[in-house]
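Residue numbers (the numbering used here), protein chains in the order written: chain A, 1 to 362; chain B, 363 to 724; chain C, 725 to 1086.
We treat Cβ as the ideally placed atom computed from N, Cα and C, and that holds for glycine.
These notes are about the structure you will find just below.
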Amino acid sequence: MSLVPLLSPERGYFPRNVWYIAGFSSELRDKPLARRICGHAVVMFRTAGGRAVALEDRCVHRGMPLSAGERDGDIIRCAYHGLEFDASGACTKIPGQARIPPGARVRSFPLVERDALLWIWPGDQEKADESLIVSRPYHTAPDWACVFGTLEVKANWQLIADNLLNLSHLQYVHKKTIGGDPDADDRAEVTVVRDGNRVRVTRWLLNVEPPPLHRMARGYTGPIDRWQEFEFEPCVLQFHSGAKEAGTGAREGRRDGAMDLRHFHAPTPQGPHSTLYFFTRAHNFRLDDAELTEKMRRSMLATFEEDKAVIEAQQARLLETEDEPLIDLRDDAANLHARRIVRQLMAQEDAAETSGRHLAHA
Amino acid sequence: MSLVPLLSPERGYFPRNVWYIAGFSSELRDKPLARRICGHAVVMFRTAGGRAVALEDRCVHRGMPLSAGERDGDIIRCAYHGLEFDASGACTKIPGQARIPPGARVRSFPLVERDALLWIWPGDQEKADESLIVSRPYHTAPDWACVFGTLEVKANWQLIADNLLNLSHLQYVHKKTIGGDPDADDRAEVTVVRDGNRVRVTRWLLNVEPPPLHRMARGYTGPIDRWQEFEFEPCVLQFHSGAKEAGTGAREGRRDGAMDLRHFHAPTPQGPHSTLYFFTRAHNFRLDDAELTEKMRRSMLATFEEDKAVIEAQQARLLETEDEPLIDLRDDAANLHARRIVRQLMAQEDAAETSGRHLAHA
Amino acid sequence: MSLVPLLSPERGYFPRNVWYIAGFSSELRDKPLARRICGHAVVMFRTAGGRAVALEDRCVHRGMPLSAGERDGDIIRCAYHGLEFDASGACTKIPGQARIPPGARVRSFPLVERDALLWIWPGDQEKADESLIVSRPYHTAPDWACVFGTLEVKANWQLIADNLLNLSHLQYVHKKTIGGDPDADDRAEVTVVRDGNRVRVTRWLLNVEPPPLHRMARGYTGPIDRWQEFEFEPCVLQFHSGAKEAGTGAREGRRDGAMDLRHFHAPTPQGPHSTLYFFTRAHNFRLDDAELTEKMRRSMLATFEEDKAVIEAQQARLLETEDEPLIDLRDDAANLHARRIVRQLMAQEDAAETSGRHLAHA
């Protein structure tokens, strides 16, 4: 398989009609928040009532980024000549001029706030279906403690998905954090299943040494059984992982008292070779231990900084050797599924767009 | 109107046969001065007699920038192999070689020093007409105190002209400096006149609160009448502004005792999206107050740094959204005139060049 | 002459089938060493037995730079998913997978270690002929003290060769180091000879003032006779220079007791406008004086930093004025020969490649 087609910006590099993460709820306060999302310059702000909205970050008068302006009640005011725009993107005031011309509006993007996440839809507004958003309740539920992080990664978003969907990298990239025992990793039992537009990976490591994180968080010292359940859907991933003392029945379904972790990953494209990588991790133990939670946050960030270093080095090399071959391995099964799903979605979108144009001309 | 055509470098982005500002007299001392002017690498130096000259900053032997070399009497000597060039650009010495080949010369640019300004002509030498340079005596006259400043702005020069020709931005961009009273700004009486290749804007703000600058410089506390008289000619601008206690007859022509300011602005293109923005400001009061003069200089610089931030953000956004529409407002009348003048000049130059080529082939 | 053709990357900018310097022996220790050589990302490492090898720095699985990995015995292990490659570039292990697919190999480059230098061949492996490497014994011989240095120069490698082959720059660029007496330089006796693919320049400066280096190193105070013998072969240069008290017979062949210096220069292209400039200098006197040796190293580095500044300024200007003319001087005879040799080699390589393709299709 070549990684090339999906790295070529002119051929598109992401499906448009899916939900992406634009940020965390906690990031959007009084000031407008500027983000690059799927190639678009986006400004987000909250109306007086607290509703989160997203507009194109470009005044229709002279192109000034609206994010340099200020929010005032339900509108955002341009920092250059003072034009005002409401939550729908309509211009509602032009200083020194009573008439507002019909073209005076900026694009708005569907934005949904749920489970402490801001979901944005970069494609056709009419197709934006909130029911497609899968709930991730552990971000806010009282029986979980959740930590949040973001990294800007100078790489195509799919290289991040590839990374997550081939866990054989753990023992090489994450020696200091979640790597664990190399030999055990080689013996992992891995199951990969495609289900519609989802890919699921299940991975069992039985009777293995606990990695540094598990020692720190739960105090494991003897051998443990570990499981990892990954799910990709365009274009987010969730990752449930757990561990329990070896031989205490986890594999047979008895997970009570286990160390449970819920990870959520959202590699949101900024551009073809730049990604905002949002991630969260929730744990179900020592919920009142703020110090532990902070350690969990820092260890999560350290882990993904290890990935970032690898992925950026990989991206740089791929960019300069696009015509040279690559080979796929057995452990790439899941990321090959995921790339196929992405390609199919993009092909469907292109087909729909072409047929839409035909209808319009008929 | 689209800002796009004038942002496309391949279509040209400035008229060639007009005078531009290359610097201030005070900047050109013993050492050669390197500047990028209208896309050209230019080196300026003074002959032994003090005459300012401008040459292409590129040795004809191996391309070394002459500005890295040294001035010696009437010549400039290349820092690499020691070739010498006179004020006309002719090579006058090649070390180790008696014969100077006929092609051994670099381009020279017409350069005129007047009113403490260095005026350069990037177009056809034969068309360079010094009489086209309008005198700006307040730069050196004893009844004015003049301050000077330069900013490098990462934007097309016309975005700077646009900025100056639509003063409705004052109350949004310059709150802290010259912004004044928003409501008053909305009620400004504005007159825009095109006169040949000049555009004139006159703006009256009657009975308004004095902005911070006016309080600082003249101690106004009560309402004032303000006037602003802008004139654009390719490719410089002058801006006369004044203020007087409200209702004391300024509008009817009695400006005696007024606070008078003379501004001069020269946005000289370096490249399509980079401009050297020269500006000066002269005041007619408290001429012996060096501390005030320094305050005037700093407040001028602070004001144009506010513009620079806005214009660079605007340029960056325009560059990535060249195909998206923009709308014009009533307050853009003057900058639309200015852009039309520039386009016409460039079209005339292109036509003259084409016809010149035809004659040459006939 | 135009410098342009050899600056255009798409037309090639170096002969492929010659030996280049990839580094010094002392640079290659336990860790893999990443270098950009003639456009290729190369990783070098030593096998358990100490043999230096060079591979393409790109894992065949997902493009990860192998140089981020670790050497282990005779193999290098990828930092991402743990694939292992031997000195020939063959993949010898894929974690979690017994079968190694046939395409699982990376390119290897011929690498020869000789005279404390690492020689690399970027062209066809079959043509790599070690006997073409000229010995430079003064790098390691006991009757010489040799110092080593490297600079990254943001310029085409041929501008460095040009610099070395026209020594008339000495008095302008190197006033503070090896420049000497300008008038004497103008009177230098220069002989230029082309011999096959080599160019030799001999230069005598008789009865001249000693430059700073000569005063420092040998204590010369009175006039000296100096000689400089340059030899270019694609794509390295050697430079033997010497000095003796004026009139003591050096010109007639009596060089006993002279100050002798052996320089070796290797401008190895990284890319079209970026070069790794390796240089060495050996002296034959005060061999036990470590302080002098360190002074010699520092003076060598200072000298080439002067060249680097000039060459980078030149390159930047040439890049933006590729279509403008340049002129050649008498003192360019040697570098015109060298450029001709390089062009001929490249033309021969292109012809051989074309004919090779014809044979393959016949």
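Closer than 9 Å at the beta carbon, the chain B residues around residue i
i        : result
D1047(C) : Here the premise fails: no neighbours, minimum Cβ distance about 12 Å.
Residues sharing a beta bridge with residue i, DSSP
i        : result
A141(A)  : Beta-bridge pairing links A141(A) to no other residue.
G604(B)  : W589(B), D622(B)
H265(A)  : L237(A), F279(A)
I94(A)   : Q97(A)
Y744(C)  : I844(C)
E152(A)  : L276(A)
R795(C)  : I800(C)
I327(A)  : Bridge partners of I327(A): none, in fact.
F232(A)  : V199(A), L237(A)
R1041(C) : Paired residue(s): none; R1041(C) is not in a bridge.
Beta-carbon separation (whole angstroms), residue i vs residue j, contact threshold 8 Å
i       : j       : result
Q748(B) : P464(B) : With chain B covering only 363 through 724, there is no way to say anything about residue 748(B).
A22(A)  : L118(A) : 4 Å
E113(A) : S25(A)  : 6 Å
R786(C) : L326(A) : 6 Å
S832(C) : L779(C) : 5 Å
A449(B) : Y896(C) : No, A449(B) and Y896(C) are not in contact; Cβ-Cβ is about 21 Å, not under 8 Å.
H240(A) : A145(A) : In fact, because the Cβ distance is near 16 Å, the residues do not count as touching under 8 Å.
Check whether residue i and residue j have beta carbons under 7 Å apart
i        : j       : result
T564(B)  : E591(B) : yes
G444(B)  : P427(B) : no
D984(C)  : G971(C) : no
R439(B)  : F407(B) : no
L961(C)  : L883(C) : no
L1016(C) : P739(C) : no
V468(B)  : S429(B) : no
I311(A)  : V199(A) : no
M1020(C) : G873(C) : no
P596(B)  : V704(B) : yes
Y138(A)  : R286(A) : no
R58(A)   : R679(B) : yes
L170(A)  : K308(A) : no
D332(A)  : N156(A) : no
H174(A)  : T280(A) : no
Residue-level contact to chain D via CB, residue i, 7 Å cutoff
i      : result
H81(A) : Considering every chain present, this structure includes no chain D. Its protein chains are A, B and C.
For residue i, the three-state DSSP class (helix, strand or coil)
i        : result
K755(C)  : coil
T665(B)  : helix
H1061(C) : helix
P936(C)  : helix
E1018(C) : helix
A54(A)   : strand
S370(B)  : Because S370(B) sits at a pLDDT of 47, beneath the cut-off of 50, its placement in the model cannot be relied upon, and the following sentence gives the value as read from the coordinates. Reduced to three states, the DSSP call for S370(B) is coil.
M64(A)   : coil
S832(C)  : strand
E445(B)  : Sequence check: residue 445(B) is Leu here, not Glu. Coil, per DSSP.
E322(A)  : coil
A403(B)  : strand
R254(A)  : coil
T716(B)  : helix
N1008(C) : coil
S364(B)  : A caution first: S364(B) carries a pLDDT of 49, below 50, which makes its placement in the model too unreliable to give a value.
T409(B)  : coil
V496(B)  : coil
Interface partners of residue i on chain A, CB under 7 Å
i       : result
H531(B) : Y80, H81
A828(C) : I327
A675(B) : M64, P65, A68
Residues that residue i contacts on chain C, provided the C-beta gap is smaller than 8 Å
i       : result
V173(A) : A803, Y804
Proximal residues of chain B, C-beta to C-beta of residue i below 7 Å
i      : result
I94(A) : L691
Contact list for residue i against chain B, beta-carbon separation under 8 Å
i        : result
L1060(C) : Result: empty, since nearest Cβ-Cβ is about 12 Å, beyond 8 Å.
Within chain A, the residues that residue i reaches when beta carbons sit closer than 8 Å
i       : result
R679(B) : A41, D57, R58, G63, M64, P65
Residues that residue i contacts on chain C, provided the C-beta gap is smaller than 9 Å
i       : result
Q706(B) : Those do not exist, as Q706(B) stays about 29 Å from chain C at its closest Cβ, beyond 9 Å.
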